[in-house]
Amino acid sequence: MKRTAWKEAALVVAFLVMATWVIAYSGADLEVSSRFYIGGAWPVGELFPWKTLYRLDRLPAVLLAVCGLSAAAFSYKFPALKNWRKAGVFLTLFLVLGPGLLVNSVFKSGWGRPRPREIVQFDGKKQFLQPWQKGITGQGRSFPSGHASAAFYLIAPFFIYRRRRPRLARGWLVGGIVFGILMSIARIAQGGHFLSDNLWAFGMVYLTGLLLATVMRLDQGDDRPANKE
4 MKRTAWKEAA LVVAFLVMAT WVIAYSGADL EVSSRFYIGG AWPVGELFPW KTLYRLDRLP
64 AVLLAVCGLS AAAFSYKFPA LKNWRKAGVF LTLFLVLGPG LLVNSVFKSG WGRPRPREIV
124 QFDGKKQFLQ PWQKGITGQG RSFPSGHASA AFYLIAPFFI YRRRRPRLAR GWLVGGIVFG
184 ILMSIARIAQ GGHFLSDNLW AFGMVYLTGL LLATVMRLDQ GDDRPANKE
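Dropping the structure here:
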């Protein structure tokens, strides 16, 4: 990886560690979730727009990845799409490796952190665990949030455009983060995830995108001229 990419990754990891410590020290995971636990249920999560966001699930992410895969595939038949081949492959691999493999297959399925609605503080039967405490594999799927990771995946074009069209890149970054935050609120309101679960969903997605973009050298080998903004 480039030195600048390592520095950026180190800053992101440092932010994640510091934010996790603040959340744990302040008790924010339980405090935030308790705001949505009303009368022995999670009624806010059943309201608009939170229920709608939950039902959207991974659809926006899948659509973006399919567009990327289609551009890459058709680039072999239509020369006009050749310059989008690398970006299309990136969009596809990013979804598969980030929200797909790292978040859902490795951590969500294997870390064993109970969901808010499953712990004793909210009338469940399981013990609350901090995000760094590994539970029993298969006995908890709270860490990290799969829905939030798919929502945060929409920052993907940021890594494609950040060098050549920084203004457009920032737009995708902000838009993806906002959508991810809204999805995070929905999952917290439904008792599905803690605040820290969503924080790490963003962190894992961002770090995956950064690593993949660096390995694929998205800032090289593209004949499209840079847009001076």
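Residue numbers for the sequence shown follow the working numbering, beginning at 4 and rising by one. Note that CB positions come from ideal geometry on N, CA and C, so glycine has one too.
**Report entry** Three-state secondary structure (DSSP) of K89
**Finding:** The answer is helix: DSSP assigns K89 an H, G or I state.
Requested in this report: Spatial neighbours of E11 within its chain, please: CB distance less than 8 Å, with the 5 preceding and 5 following residues excluded, ordered by chain position.
Outcome: Leaving aside the five residues that flank E11 on each side, the residues in its chain whose CB is nearer than 8 Å to its CB run, in chain order, L213.
**Report entry** Burial state of V218 (16 or more Cβ within 10 Å)
**Finding:** That one is exposed.
**Report entry** Coil, strand or helix - I122 by DSSP
**Finding:** For I122, the three-state secondary structure derived from DSSP is strand.
Query - Start and end residues, alpha helix (DSSP H) containing W24 - result: Element bounds for W24: R6 to S29.
Requested in this report: Name the two residues that bound the continuous alpha helix (DSSP H) containing D200.
Outcome: Counted as a single uninterrupted DSSP element, the alpha helix (DSSP H) harbouring D200 occupies residues L198 to M219.
Query - Closest by C-alpha distance to T95, when choosing among R167, A8 and Y156 - result: Minimum Cα distance to T95 is reached at Y156.
Query raised in the report: When the distance is taken between beta carbons, is F197 closer than 8 Å to P119?
Result: Between P119 and F197, the CB-CB gap stays under 8 Å.
Query raised in the report: Can at least three beta-carbon pairs, one atom from the region 93–110 and one from the region 148–166, be found at a separation below 8 Å?
Result: Three or more pairs of CB atoms, one per stretch, sit closer than 8 Å, so the region 93–110 contacts the region 148–166.
Query raised in the report: Is I41 near the ligand ADP, with its Cβ less than 7 Å from a heavy atom?
Result: Here there are no bound small molecules, and the ligand ADP is not part of this structure.
Query raised in the report: With DSSP run on the structure shown, which of helix, strand or coil describes I163?
Result: The three-state reading of DSSP puts I163 in helix, counting H, G and I together.
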